[in-house]
Structures are given as structure tokens and as C-alpha cells.
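Heads up, the thing below is written out as C-alpha cells.
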Amino acid sequence: MLKKIFVTVLVVNFLVLNVAVGYLVYKQVTDVDQESDESVTDDFLVSQLNQDNNKEDFVCDENCQRVIREKVTALIPTQTTGIPVKLTPIPTVKPTKSRFFSYIPIPGSGNTSNTVWTDLAGTEISFSVGDYVGFKEAYFEVNMKLFNGNGIAYLRLYDVTNSRAVDGSEISTSSQTSTAVSSGKISLWQGNNKYRVQAKSLTADTTYFESGRIKIINEQ
Numbered sequence: 003m004l005k006k007i008f009v010t011v012l013v014v015n016f017l018v019l020n021v022a023v024g025y026l027v028y029k030q031v032t033d034v035d036q037e038s039d040e041s042v043t044d045d046f047l048v049s050q051l052n053q054d055n056n057k058e059d060f061v062c063d064e065n066c067q068r069v070i071r072e073k074v075t076a077l078i079p080t081q082t083t084g085i086p087v088k089l090t091p092i093p094t095v096k097p098t099k100s101r102f103f104s105y106i107p108i109p110g111s112g113n114t115s116n117t118v119w120t121d122l123a124g125t126e127i128s129f130s131v132g133d134y135v136g137f138k139e140a141y142f143e144v145n146m147k148l149f150n151g152n153g154i155a156y157l158r159l160y161d162v163t164n165s166r167a168v169d170g171s172e173i174s175t176s177s178q179t180s181t182a183v184s185s186g187k188i189s190l191w192q193g194n195n196k197y198r199v200q201a202k203s204l205t206a207d208t209t210y211f212e213s214g215r216i217k218i219i220n221e222q
């Protein structure tokens, strides 16, 4: 008889214990869910504080609400995605230079039938390329002809000061009528130099120098 009573009491205690444990587990889960739901938005926290009847005369003013929002915002992870920006290079504008011409007339005229280079008297000029601002290059331009023959007439500039033929100045023609002829780019040395026209003929026919000039190209 006592054994049956003891077993009955033990079973009742076991059932009561299980019910108590179950209630505690349920309460804990419910509280966790409630806390999770209540932490969703900062507005909910503010409203809960304002509705809390257990705190006397407590009102969450604007500063209080701002602090809460800042705290909640700080807890929210953010991710910044960099957007590549394509920069368009600005083209470099090079300054435009202007070219202009100067002409140095060569005085006199002359002729020769010699087959070696011969000075033509009265054709001397003196100048310095340094007097021409922005000096770029120069050319020897003449009117010339070959008289009474089938050979070739030649002309060139001679640098009297430096005792040298001016590089690039040699020109020629086989025409028996006056012809305009221009050299390629000639090499003029620095300094105030004296120049003279020289002439020769290939076959002892007469070479005529009728007029000439030096064309100066300046660039600024």
C-alpha cells in the first residue's frame, strides 16, 4: 500500500516538474522573439519608451529620439559600392606658330663662260641671320639662263667671310630663256657675314645671272 502511494506521488511530482520546465522554455522563447521584433525599428523603441507606464513622467523628446536613431543606425551594417568614374583626358593644345617671309635682294647681275666657279662682281650682300627674329630657314632664288649653247648654267652663293660655298645653294638650268630657279634649304652660319654670287658653265657657253634674292622664313 505504501509503495503505491510513493509511486503515485513520484509521478505527480514528475508531471509538475515537466510542466514547469515547459513553461520556462516557452517564456524564454517568447521573450526572445518579442525582443527580436521590438529591435526591428528605432521608431518602435521610441514608442515603447513613451508608452512605458512603469516610469513616472518619462517622455522621450526629440534629442532622446535622435540618440536612439543614431545608435540603431550604427548597428546596421552598410556596404558602399565604388562606381568607377571614367575620366576624359583633356587634349593638350599646342600653341600655333605663324610663319612669315622676309626677302634680302641681291644687287647687280653678271655672266661668265668659265667652267670653274667665278665671282660675279657687284653681287655682294652682308647680313646676319640673328637679325631675323624667329629665323627658321632660308632659300636662294634667282632668274637665270644659259645663252647660246646646249650645256648647263650654274649659280651658287659664296660666304666670303668664312671662305666657303654656302651648303645647298647650288642651282642650275639649261633653258636659253630667263627662268626662275630656287634652291633647296641653304645653310647660313651665325654672325654678320658677306655673301657673293658665283657662276660657271658646263660647256663654256655663257651663264647669265639676271637677278636674285635670299628668302628668309621666320616662325613665331
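Take the sequence shown: its letters are residues 3 to 222, numbered as in this note's numbering. Yeah, the Cβ is synthetic: ideal placement off N, Cα and C, and Gly gets one too. If you're wondering where the values come from, they're calculated on a predicted model, not measured in any experiment.
Counting only the Cα atoms, T181 lies some 14 Å from F142. With a contact defined as Cβ atoms closer than 8 Å, G153 and T120 miss out at about 15 Å. Residue environment: L89 is assigned as exposed (fewer than 16 neighbouring CB atoms within 10 Å of its CB, all protein chains considered). With 16 or more other Cβ atoms inside 10 Å of its own Cβ, Q200 counts as buried. By the neighbour-count criterion, in which a residue is buried when 16 or more other Cβ atoms sit within 10 angstroms of its Cβ, K96 is exposed. Residue burial annotation: T75 is exposed, with fewer than 16 other C-beta atoms found within 10 angstroms of its C-beta. Here the segment 164-176 does not lie against the segment 102-115, with fewer than 3 beta-carbon pairs under 8 Å apart. Beta-bridge pairing by DSSP links I216 to I106, F142. Taking T209 as reference, the option from G124, Y160, E139, G151 with the minimal CA-CA separation is G151. V135 counts as exposed, since fewer than 16 other beta carbons sit within 10 angstroms of its beta carbon. Counting other Cβ atoms within 10 Å of its Cβ, S100 stays below 16 and is therefore classed as exposed. The secondary-structure analysis by DSSP pairs A123 with nothing; it has no beta-bridge partner. In this structure, the beta-carbon distance from V144 to L157 falls below 8 Å.
Residue pairing by DSSP places S203 opposite A155 in a beta bridge.
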